[in-house]
Amino acid sequence: MKLLPKNARKKRLAMLDLLIAASRENHITDFDIREEVDTFMFAGHEPTAVGICYLLLLLAEHKDIQDRIRAEVDSVMQEDGERFTLAMLQKLPYLDRCLKESMRLYPSVHFISRLISEDMQIMDYYVFIFRKFGPDRTSFSKLCFSEKKYVVPAGTVVHLNIYGVHRDPNFWPNPEVFDPDRFLPERSQNHHPYSYLPFSAGPRNCLGKFALLQMKAMIAPLLHSFYLEPIDYLKDLKIKSALILRPAHPLRVRFVPTQDT
Numbered sequence: 059m060k061l062l063p064k065n066a067r068k069k070r071l072a073m074l075d076l077l078i079a080a081s082r083e084n085h086i087t088d089f090d091i092r093e094e095v096d097t098f099m100f101a102g103h104e105p106t107a108v109g110i111c112y113l114l115l116l117l118a119e120h121k122d123i124q125d126r127i128r129a130e131v132d133s134v135m136q137e138d139g140e141r142f143t144l145a146m147l148q149k150l151p152y153l154d155r156c157l158k159e160s161m162r163l164y165p166s167v168h169f170i171s172r173l174i175s176e177d178m179q180i181m182d183y184y185v186f187i188f189r190k191f192g193p194d195r196t197s198f199s200k201l202c203f204s205e206k207k208y209v210v211p212a213g214t215v216v217h218l219n220i221y222g223v224h225r226d227p228n229f230w231p232n233p234e235v236f237d238p239d240r241f242l243p244e245r246s247q248n249h250h251p252y253s254y255l256p257f258s259a260g261p262r263n264c265l266g267k268f269a270l271l272q273m274k275a276m277i278a279p280l281l282h283s284f285y286l287e288p289i290d291y292l293k294d295l296k297i298k299s300a301l302i303l304r305p306a307h308p309l310r311v312r313f314v315p316t317q318d319t
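If you count by the numbering used here, then the sequence shown holds residues 59 to 319, one letter each, in order.
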């Protein structure tokens with residue numbers, strides 16, 4: 059069998075190709091590859107699926123917002139054709155705002171943990187657990203109070219309550235209200251940079267753009283083809299606090315085909 063010249067074989071590299079190439083150059087190990095693949099599968103599955111469920115329930119109860127997204131989707135489809143493409147999904151700013159607001163109210167990953175590498179001072183408002191590990195890996199609480207700030211010693215694991223930050227009236231007026239226009243550019247430019255953390259922050263943040271694109275690719279076709287009507291209501295929602303902010307019971311929404319109305 060004759061192999062084609064290297065420059066004649068063009069291939070779009072997938073994530074796994076890039077990881078294997080890095081492994082061959084000794085930049086990462088096989089264990090690192092498994093960890094990265096596991097991260098992609100986890101980040102691209104359960105948190106995204108749960109986030110879609112919460113948004114569907116919100117839209118079913120807020121018909122005006124649902125109709126506005128549908129009008130935006132239909133308008134873009136008339137301009138770009140009947141197929142949902144990446145370029146089309148990038149022309150839906152109102153859907154973007156709805157997704158962001160839904161993740162403010164119901165962040166799929168509702169807390170994060172960080173190991174403090176050096177002593178630092180912070181306000182005590184949102185940090186609710188401190189844990190310092192001793193040489194034998196046993197844990198003990200340790201906080202030093204200095205004036206109006208806590209000194210958090212190096213080696214402490216800090217758990218940050220994202221759900222609480224997202225519903226704090228100091229950052230979000232009427233925090234319980236579903237208001238996608240909070241994320242209009244003119245309204246969001248004065249937000250505290252760490253008042254909105256659905257994908258964490260800093261160099262170890264999650265792949266937020268990947269998750270947002272997945273959610274848009276699901277929601278846009280659904281709203282083009284169906285009206286959403288609530289069966290279960292947010293006032294009855296009970297949340298099960300685990301690693302993922304799961305509902306404690308099924309969330310039911312009725313899908314009514316748009317061509318039937």
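Ideal Cβ placement from N, Cα and C applies to all residues, glycine included.
Just so you know, these numbers come straight off a predicted model, no measurement behind them.
Ranked by how close their Cα comes to the Cα of residue 311, the residues 108, 256, 290 have 290 in first place.
A straight-line Cα-Cα distance of about 9 Å links residue 163 and residue 112. Contact between the stretch 236 to 244 and the stretch 145 to 155 is present: three or more C-beta pairs spanning the two stretches fall below 8 Å. Pairwise C-beta distances place the stretch 295 to 304 out of contact with the stretch 170 to 181, as fewer than three of them are shorter than 8 Å. Per DSSP, reduced to three states, the secondary structure at residue 312 is strand. Sequence-distant partners of residue 130 (beyond 5 residues in either direction) whose C-beta falls short of 7 Å from its own C-beta, in its chain, are 150, 152, 153.
Around the Cβ of residue 309, a 10 Å sphere holds 16 or more other Cβ atoms; the residue is buried. The three-state secondary structure of residue 214, taken from DSSP, is strand.
If you draw a 10 Å sphere on the C-beta of residue 313, you find fewer than 16 other C-beta atoms in it, and that means exposed. The C-alpha of residue 161 is placed about 18 Å away from the C-alpha of residue 247.
For residue 285, the enclosing beta strand (DSSP E) starts and ends at 284 to 288. In this structure, residue 272 lies near residue 106, with their beta-carbon atoms less than 8 Å apart. Annotation: the continuous alpha helix (DSSP H) that includes residue 114 extends over 104 to 119. Taking C-beta atoms under 8 Å as the contact rule, residue 225 and residue 234 qualify, at a distance of about 7 Å. Assignment of residue 134 by DSSP, reduced to helix, strand and coil, places it in the helix class. DSSP, read as helix, strand or coil, puts residue 179 in strand. The three-state secondary structure of residue 169, taken from DSSP, is strand.
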